[in-house]
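Heads up, the thing below is written out as structure tokens.
Number of protein chains: 2
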Amino acid sequence: MASSTTASPSLNLAIKNSCVRENSDLFLRGRNLSLKSSFIRSSSLRLNRIGSLRIQSKSRIISANSAQVMEQSSIRAPTIVDVDLGNRSYPIYIGSGLLEQPDLLQRHVHGKRVLVVTNTTVAPLYLDKVVSALTHGNPSISVESVILPDGEKYKNMDTLMKVFDKAIGSRFDRRSTFVALGGGVIGDMCGYAAASFLRGVNFIQIPTTVMAQVDSSVGGKTGINHTLGKNLIGAFYQPQCVLVDTDTLHTLPERELASGFAEVIKYGLIRDAEFFEWQEKHMDSLLARDPSALAYAIKRSCENKAEVVSLDEKEGGVRATLNLGHTFGHAIETGFGYGQWLHGEAVAAGTVMAVDMSYRLGWIDESIVKRTYDILQKAKLPITPPDVMTVEMFISFMAVDKKVADGLLRLILLKGPIGNCVFTGDYDRKALDETLRAFCKS
Amino acid sequence: MASSTTASPSLNLAIKNSCVRENSDLFLRGRNLSLKSSFIRSSSLRLNRIGSLRIQSKSRIISANSAQVMEQSSIRAPTIVDVDLGNRSYPIYIGSGLLEQPDLLQRHVHGKRVLVVTNTTVAPLYLDKVVSALTHGNPSISVESVILPDGEKYKNMDTLMKVFDKAIGSRFDRRSTFVALGGGVIGDMCGYAAASFLRGVNFIQIPTTVMAQVDSSVGGKTGINHTLGKNLIGAFYQPQCVLVDTDTLHTLPERELASGFAEVIKYGLIRDAEFFEWQEKHMDSLLARDPSALAYAIKRSCENKAEVVSLDEKEGGVRATLNLGHTFGHAIETGFGYGQWLHGEAVAAGTVMAVDMSYRLGWIDESIVKRTYDILQKAKLPITPPDVMTVEMFISFMAVDKKVADGLLRLILLKGPIGNCVFTGDYDRKALDETLRAFCKS
Numbered sequence: 001m002a003s004s005t006t007a008s009p010s011l012n013l014a015i016k017n018s019c020v021r022e023n024s025d026l027f028l029r030g031r032n033l034s035l036k037s038s039f040i041r042s043s044s045l046r047l048n049r050i051g052s053l054r055i056q057s058k059s060r061i062i063s064a065n066s067a068q069v070m071e072q073s074s075i076r077a078p079t080i081v082d083v084d085l086g087n088r089s090y091p092i093y094i095g096s097g098l099l100e101q102p103d104l105l106q107r108h109v110h111g112k113r114v115l116v117v118t119n120t121t122v123a124p125l126y127l128d129k130v131v132s133a134l135t136h137g138n139p140s141i142s143v144e145s146v147i148l149p150d151g152e153k154y155k156n157m158d159t160l161m162k163v164f165d166k167a168i169g170s171r172f173d174r175r176s177t178f179v180a181l182g183g184g185v186i187g188d189m190c191g192y193a194a195a196s197f198l199r200g201v202n203f204i205q206i207p208t209t210v211m212a213q214v215d216s217s218v219g220g221k222t223g224i225n226h227t228l229g230k231n232l233i234g235a236f237y238q239p240q241c242v243l244v245d246t247d248t249l250h251t252l253p254e255r256e257l258a259s260g261f262a263e264v265i266k267y268g269l270i271r272d273a274e275f276f277e278w279q280e281k282h283m284d285s286l287l288a289r290d291p292s293a294l295a296y297a298i299k300r301s302c303e304n305k306a307e308v309v310s311l312d313e314k315e316g317g318v319r320a321t322l323n324l325g326h327t328f329g330h331a332i333e334t335g336f337g338y339g340q341w342l343h344g345e346a347v348a349a350g351t352v353m354a355v356d357m358s359y360r361l362g363w364i365d366e367s368i369v370k371r372t373y374d375i376l377q378k379a380k381l382p383i384t385p386p387d388v389m390t391v392e393m394f395i396s397f398m399a400v401d402k403k404v405a406d407g408l409l410r411l412i413l414l415k416g417p418i419g420n421c422v423f424t425g426d427y428d429r430k431a432l433d434e435t436l437r438a439f440c441k442s
Numbered sequence: 001m002a003s004s005t006t007a008s009p010s011l012n013l014a015i016k017n018s019c020v021r022e023n024s025d026l027f028l029r030g031r032n033l034s035l036k037s038s039f040i041r042s043s044s045l046r047l048n049r050i051g052s053l054r055i056q057s058k059s060r061i062i063s064a065n066s067a068q069v070m071e072q073s074s075i076r077a078p079t080i081v082d083v084d085l086g087n088r089s090y091p092i093y094i095g096s097g098l099l100e101q102p103d104l105l106q107r108h109v110h111g112k113r114v115l116v117v118t119n120t121t122v123a124p125l126y127l128d129k130v131v132s133a134l135t136h137g138n139p140s141i142s143v144e145s146v147i148l149p150d151g152e153k154y155k156n157m158d159t160l161m162k163v164f165d166k167a168i169g170s171r172f173d174r175r176s177t178f179v180a181l182g183g184g185v186i187g188d189m190c191g192y193a194a195a196s197f198l199r200g201v202n203f204i205q206i207p208t209t210v211m212a213q214v215d216s217s218v219g220g221k222t223g224i225n226h227t228l229g230k231n232l233i234g235a236f237y238q239p240q241c242v243l244v245d246t247d248t249l250h251t252l253p254e255r256e257l258a259s260g261f262a263e264v265i266k267y268g269l270i271r272d273a274e275f276f277e278w279q280e281k282h283m284d285s286l287l288a289r290d291p292s293a294l295a296y297a298i299k300r301s302c303e304n305k306a307e308v309v310s311l312d313e314k315e316g317g318v319r320a321t322l323n324l325g326h327t328f329g330h331a332i333e334t335g336f337g338y339g340q341w342l343h344g345e346a347v348a349a350g351t352v353m354a355v356d357m358s359y360r361l362g363w364i365d366e367s368i369v370k371r372t373y374d375i376l377q378k379a380k381l382p383i384t385p386p387d388v389m390t391v392e393m394f395i396s397f398m399a400v401d402k403k404v405a406d407g408l409l410r411l412i413l414l415k416g417p418i419g420n421c422v423f424t425g426d427y428d429r430k431a432l433d434e435t436l437r438a439f440c441k442s
């Protein structure tokens, strides 16, 4: 309709309604057009009801054979999940071979200097590839890196200072971009460094573990641990984009793989019954690293997370529900020592405890307890806390949880059919005590 | 007008247009009404064109003899300067005896627990008074404090960790309030701690130095130093309110007093010629701590700062102009060692250098150079950098300034009549070199 009222060149392509964002990026890439973000902002993209995409520009002529574009692009087209946060919105790109598509990353780089933050495990595997993706066809970009020791036990202020030392020593300025290449620990630390360096610089996430791809890289929670508790120091700071190249999972150790599935299972339990049922059927494929099963699980997890984060960025309410099992889990990580168990392992045991407590409160059927046990066991995740954990330790470490408000410990508990939960401090304290006693030897 | 269309009880008071905010707070306090913030939110406050304030409530009856209220309140009525930042807006209360008005502080406390962050110099003078103001008539509030060593050289990560250690060790939660009681160093550190603790808790500033009252407590810049540069790690984080009790200046050492005037003079030079002329006439009164002169200088400085911050919270452009003399000044502080000179002393010498460079560029008259020298000397501030500073040191330390973008050093320079400045990287580099050589022995 609008085309008849303007002289601007335009391109119409019939696409699937659900793929608007994917395809708007896709066409540009597929056409090999080198479009600056300022051009994209100055263009108008509109979707009408029957799903046709219009790209208009006052300054350029765009034309293409749509069928040809679709064909060229289908090979490695990323799935895109949008995190809708107003002027802090950003895309999550999900797919195979994305690190071989330089423009995906480069369109989100600000300035000419990039600092890649990674660790001793990931650097030998993917650092060169990322540097190449950042600089390919763009020689004005200079990339430096800082390689941190690997592991949750290094997620502290001392390690964070190494990032600042590097950035300041190398005279990075406000127009720099920090790139997190690694798992959740790297993403959290690099994000907090980006939030704090010169009071905030541009930030990109390239998660390389299931845990980071389905959970920690999305939503802007960044931070470090304190000896007394997890993630107690940090910031809400959103990235410019998250790039999930599923090929990076080929090198992921089995324990790490399973750890990530704890968060995937969480999404099913708290808000997506259909996804939970899919997982019950496809856990074997996930453990066998079937690419399409992994891609689907990551996409669906990111969609769940993006929706929750869009509703409640700063965790005033519904976002807290993403922490099912985490309050118990954080106590395990703190009490058992960071790095003894992986985060997802602690969350798995914590989920069992939260589900047990929900059942004791009479809020869920026994069948849900059983299905939770079954799927976690199938995913090769622990279903009880480590023996060293005592009732006293749980009580003590849970008291510093961020969800405590005015002294009241609020928990995420299941209530009703699978896919439903509550975030509440209004529960019978007896049920919590019984759960703790049931899972601890002393 | 609206009163005839509603049955709600209402109160009309004739007030001066410029004092709306002051008086709306004032009347409530003067009437000794204990109004919860939820009530205030649910009430409607309207100002019509002739300056009459209407307070309406659906749930309560408010009536008062306005003359009586005005009289009761006039003794210690705070001046209020609003910092307009949308949903992050907040008031700056300025006046004598404000720490004896508990409701001013208490209305901005969230939760039941308060952590006062102060230093070894200020704690013996004002900590008891602040604790009393926070708890008077409100026994449910519990206040703890952390007392840091005093001085710019302690504005680092080690000292910041003491705040986190205290907050976490004492199990403060998200519904806590951090209060900064002290000068700029305390405000910056407490603010960054509040921004980072559990990813952000409520924050109140009680500045006790001229420097903090006219500049650093307003506008949400928080952070710490790195050995290689000032304020390189931090966050933009706005307080709930700033409370400036001018009585706290009675105990301020003379050097600290003068240091603060460097920022006062800055506002005149960059954007307020009339204020600069006022300062030229009243510098003696300011140095003699004349209460009304101090109150006026603080108010006018805060108005200038609030206006700039409202236009540009994150320092994308105009806010940078508040850093006149600071790029040279930061180099002095870093090169000379934190704490050798006070911040304002370094800024004063830096201002002379920026003005000198502006003159060399042909951007200002010689008379402005002279007036700048004169007023800084009158304020007993240094007008040359310390002898240890070399050209090389300036160049090296200025290169890590936050205003560097893509390698280009941008500076704030005067241009045109007094009260006008530019923030630019577009200047003849020769002028900078000449200025550095003129002020350094080697």
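If you read the sequences in order, they're chains X and E. Here the first sequence is numbered in UniProt numbering, starting from 1 and rising by one per residue. Here the second sequence is numbered in UniProt numbering, starting from 1 and rising by one per residue. Where a beta carbon is used, it is the ideal one built from N, C-alpha and C, also for glycine.
If we ignore side chains and look at the alpha-carbon of each, how far apart do residue i and residue j end up?
i	j	result
residue 85 (chain E)	residue 119 (chain X)	39 Å
residue 81 (chain E)	residue 302 (chain X)	44 Å
residue 209 (chain E)	residue 261 (chain E)	10 Å
residue 79 (chain X)	residue 183 (chain X)	20 Å
residue 160 (chain E)	residue 367 (chain E)	44 Å
residue 266 (chain E)	residue 279 (chain E)	11 Å
residue 408 (chain X)	residue 126 (chain X)	44 Å
residue 87 (chain E)	residue 122 (chain X)	41 Å
residue 248 (chain E)	residue 92 (chain X)	52 Å
residue 275 (chain E)	residue 259 (chain E)	18 Å
residue 283 (chain E)	residue 277 (chain E)	10 Å
residue 99 (chain X)	residue 252 (chain X)	17 Å
residue 268 (chain E)	residue 328 (chain E)	19 Å
Using CA coordinates, which residue listed in the options is at the minimum distance from residue i?
i	options	result
residue 314 (chain X)	X:238, X:284 and X:110	X:238
residue 246 (chain X)	X:263, X:212 and X:187	X:212
residue 89 (chain X)	X:206, X:357, X:147 and X:241	X:241
residue 341 (chain X)	X:285, X:177 and X:153	X:153
residue 137 (chain X)	X:103, X:116 and X:117	X:103
residue 412 (chain E)	E:400, E:231 and E:322	E:322
residue 219 (chain X)	X:207, X:380, X:225 and X:229	X:207
residue 227 (chain X)	X:156, X:297, X:186 and X:151	X:156
residue 406 (chain E)	X:145, X:271 and X:174	X:174
residue 271 (chain X)	X:306, X:396 and X:147	X:306
residue 442 (chain X)	X:393, X:427, X:401 and X:420	X:393
Using a Cβ-Cβ cutoff of less than 6 Å, which residues in the same chain neighbour residue i once the five nearest sequence positions on both sides are dropped?
i	result
residue 140 (chain X)	112
residue 356 (chain X)	435
residue 197 (chain X)	167
residue 234 (chain E)	192, 222 and 223
residue 325 (chain E)	347, 350, 351 and 354
residue 60 (chain E)	Summary for residue 60 (chain E): the model assigns pLDDT 31, below 50, so the residue's position carries little reliability; its value from the coordinates is reported in the next sentence. Nothing meets the Cβ criterion.
Got a sec? Which residues, its chain only, sit under 7 Å from residue i by beta carbon, not counting five neighbours each side?
i	result
residue 336 (chain E)	386, 388 and 389
Apart from the five residues just before and just after residue i, which ones in its own chain have a Cβ nearer than 8 Å to its Cβ?
i	result
residue 383 (chain X)	348, 349, 352, 373, 376 and 377
residue 410 (chain X)	320, 403, 404, 423, 424 and 425
residue 295 (chain E)	79, 94, 95, 96 and 246
Taking all protein chains shown into account, decide if residue i is buried (16 or more other Cβ within 10 angstroms of its Cβ) or exposed.
i	result
residue 108 (chain X)	buried
residue 370 (chain E)	exposed
residue 194 (chain X)	buried
residue 53 (chain X)	Annotation note: pLDDT 32 at residue 53 (chain X) (below 50); position unreliable, no value reported.
residue 273 (chain E)	exposed
Practice problem: Specify whether the segment 281-301 of chain E and the segment 423-440 of chain E touch according to this definition: at least 3 beta carbon pairs, one from each stretch, less than 8 Å apart. | Solution: no
Quiz item: So does the segment 403-423 of chain E actually touch the segment 362-370 of chain E, counting three or more Cβ pairs closer than 8 Å?
Solution: yes
Quiz item: Taking contact to mean at least 3 C-beta pairs separated by less than 8 Å, is the segment 173-181 of chain X in contact with the segment 191-205 of chain X?
Solution: yes
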